[in-house]
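Engineer: Right, I'll just put the structure down here and ask away after.
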Amino acid sequence: MTTEEVPVVEDAGKRVDDVILATAGYDHSLRIWQACSGVCLRTLQHPDSQVNALEIMPEHNWIAAASFQHIRMYDLLSSNANPVINFEGVSKNVTAVGFQEDGKWMFTGGEDGTAKIWDLRTCNIQCQKVYECSAPVNCAVLHPNQGELYVGDQTGAIHIWDLRTNQNDQLIPEPDASIQSVDVDAAGNLVAAVNNKGMCYVWNMRDGTQQTSRLVPLMKLSAHKNYALKCKFSPDSTILATTSADQTAKIWSVEDFSLQKTLTDPSQRWVWDLAFTSDSRYLFTGSSDNFARLWDLESGTVQREYAGHQKAVISIAFRDTVIG
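If you count the sequence shown from 1, position 125 lands on 1247 in this note's numbering, and the numbers rise without skipping.
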């Protein structure tokens, strides 16, 4: 594939720092790549533990790395490899991290059974709100309305935490099946979740009479043969992608939830994480075979491999939209 074939990854008029691909995993390192060429531009060491989740801060060139007892923020444009912020007061593994759309605050979830809100607007950054789940948190995602946090836990519950009223609701799609990933589409109309039995559940979202949104069951998919790891809607809300320990990523049409593509590679192992390009035409995945890959979703073929990690790639963050 030539770089001209991936206009979203190398657009004319975009600065280098407008296109950020970051990967991390079990080798205790975070790598920054030139997405169009596959060249590793920078490696940041993360000696304490693996990186469980990555998220790029909106309107900034900072990236948050969630790991065991740490959340660290790195400046991707600085020559300093040390974190610019190290968040204190975290216990056990931090499994989820994300930002409010303007970067005013950050949310996290972890194996200590809590979801937390961190105010980033003050010099003395502290945890502002805490939601107790009473079970290890595997995943969390912010609704596009910026007011509801969806949290999936080890017992199989999805908690809907209304950040404005501090009220909460929960549903359990399948007892004794841990929620591994949850996502809300960009339009705020659909919620999807996958569990450790390979099932995928989809709900329509309706504004109910309660403070939080009401979820109406829409679809139940036997998405994978075993352990599902991640689900994510495309930016244009037409595709749902799921990944699994069955060594595949699958592409589902949101229109009727029919299977469109199964993304496989001979060396691919567990597929841990994924990220769409902004035009929804390409998908990045990270696998236990130490590779990240760029897939063309129309053809279902690998367009680029990112080699350099010594162990499994379990977290990916990508941005190709102009900031500032």
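Virtual Cβ for every residue (Gly too), placed ideally from N, Cα, C.
Of all the options Ile1239, Leu1199, Ala1203, which has the alpha carbon lying nearest to the alpha carbon of Gly1211?
Structural biologist: Checked all of Ile1239, Leu1199, Ala1203; the closest Cα to Gly1211 is Ile1239.
Engineer: How would you call Thr1116, buried or exposed, if buried means at least 16 neighbouring beta carbons within 10 angstroms?
Structural biologist: Nothing in the structure corresponds to residue 1116, since the chain is present only between 1123 and 1446.
Engineer: Closest to Cys1249 by CA distance: which of Val1263, Lys1226, Gln1425, Ala1257 is it?
Structural biologist: It is Lys1226 whose Cα lies nearest to the Cα of Cys1249.
Engineer: Determine the closest residue to Asp1401 out of Asp1298, Asp1387, Leu1419, with distance taken between C-alpha atoms.
Structural biologist: The shortest C-alpha separation from Asp1401 is found at Leu1419.
Engineer: Name, in chain order, the residues that DSSP records as bridge partners for Pro1339.
Structural biologist: DSSP output for Pro1339 lists Trp1325 as bridge partner(s).
Engineer: Answer with buried or exposed for Asp1275, where buried requires no fewer than 16 other C-beta atoms within 10 angstroms of its C-beta.
Structural biologist: Classification of Asp1275: buried, given that the 10 Å Cβ count is 16 or more.
Engineer: Cβ atoms of Asp1149 and Gln1432: under 8 Å apart, would you say?
Structural biologist: Yes; because the gap between Cβ atoms is below 8 Å, this pair is in contact.
Engineer: Less than 8 Å between C-beta atoms, sequence neighbours within five positions excluded: which residues of the same chain meet that for Arg1194?
Structural biologist: The answer, listed in chain order, is His1168, Ala1186, Ala1187, Pro1205, Ile1207, Asn1208, Phe1209.
Engineer: Would you say Pro1295 and Ala1315 are within 8 Å of each other, going by their C-beta atoms?
Structural biologist: For Pro1295 and Ala1315, yes; Cβs fall inside 8 Å.
Engineer: Less than 8 Å between the CB atoms is what I'm expecting for Ile1247 and Leu1198, so what's the real figure, rounded?
Structural biologist: Actually they do not touch by this definition, with Cβ atoms about 19 Å apart.
Engineer: DSSP three-state label for Asp1291, please.
Structural biologist: Strand.
Engineer: Roughly how many angstroms lie between the CA atoms of Gln1333 and Gln1292, to the nearest whole one?
Structural biologist: Confidence at Gln1333 is low in this model, with a pLDDT of 47, below 50, so its placement is unreliable and no value can be given for it.
Engineer: Using only alpha-carbon positions, find the residue among Pro1297, Ala1439, Thr1360 that is nearest to Ile1406.
Structural biologist: The displayed chain sequence assigns Phe, not Ile, to residue 1406. Among Pro1297, Ala1439, Thr1360, the Cα nearest to that of Phe1406 is on Ala1439.
Engineer: Let's test the definition: count the other Cβ atoms within 10 Å of the Cβ of Gln1302 and tell me whether it reaches 16, buried, or not, exposed.
Structural biologist: Answer is buried; the Cβ neighbour count reaches 16.
Engineer: Using the DSSP secondary-structure output, state which residues sit across from Ala1319 in a beta bridge.
Structural biologist: Ala is not the amino acid found at residue 1319; the sequence shown has Lys there. Partner(s): none; Lys1319 has no beta bridge.
Engineer: Any heavy atom of the ligand ADP closer than 7 Å to the beta-carbon of Ser1410?
Structural biologist: By its list of ligands, the structure shown contains no ligand whatsoever, and the ligand ADP lies outside what it can speak to.
Engineer: Assuming Tyr1148 is part of the beta strand (DSSP E), what are its boundary residues?
Structural biologist: From DSSP, Tyr1148 is part of no beta strand (DSSP E); its letter is neither H nor E.
Engineer: Are Thr1217 and Ala1175 closer than 8 Å when you measure CB to CB?
Structural biologist: Yes.
Engineer: For Cys1162, tell me which candidate among Ala1144, Ile1178, Asp1170 has the shortest Cα-Cα distance.
Structural biologist: Residue Ala1144 is the option with its Cα nearest to Cys1162.
Engineer: Grab me the residues of Ala1367's own chain with a C-beta within less than 7 Å of its C-beta, minus the 5 sequence neighbours each way, in chain order.
Structural biologist: So the list reads Asn1348, Tyr1349, Leu1351, Trp1392, once near-sequence residues are dropped.
Engineer: Once you ignore the five residues that flank Val1263 on each side, which residues in its own chain have a CB closer than 6 Å to its CB?
Structural biologist: Once the five neighbours on either side are set aside, the close Cβ partners of Val1263 are Tyr1272, Val1304, Asp1305, Val1306.
Engineer: Measuring straight from C-alpha to C-alpha, what distance separates Pro1129 and Ser1159?
Structural biologist: Note that Pro1129 has pLDDT 35, beneath the 50 cutoff, so the model's placement of it is unreliable and the number below is only indicative. Using only the alpha carbons, I get a separation of about 13 Å.
Engineer: Looking only at DSSP bridge pairs, what is Ile1436 linked to?
Structural biologist: None; Ile1436 has no bridge partner.
Engineer: Consult DSSP for Asp1307 and reduce its assignment to one of helix, strand or coil.
Structural biologist: If DSSP states are grouped into helix, strand and coil, Asp1307 belongs with coil.
Engineer: Pop quiz: Gly1320 and Ala1345 are said to be a contact at Cβ under 8 Å. What is the actual Cβ separation, rounded to whole angstroms?
Structural biologist: Correct: roughly 6 Å between the Cβ atoms.
Engineer: How about Gly1310 and Leu1285: do their beta carbons lie closer than 8 Å?
Structural biologist: Cβ distance not < 8 Å, so Gly1310 and Leu1285 don't count as in contact.
Engineer: Look at the alpha carbon of Gly1430 and the alpha carbon of Asn1326, and state the distance between them as a whole number of angstroms.
Structural biologist: Distance between the alpha carbons of Gly1430 and Asn1326: 41 Å.
Engineer: Which residues in the same chain as Glu1427 place their Cβ atom closer than 7 Å to its Cβ, once the five residues preceding and following it in sequence are excluded?
Structural biologist: Taken in chain order, the residues that qualify are Gly1160, Phe1413, Arg1415.
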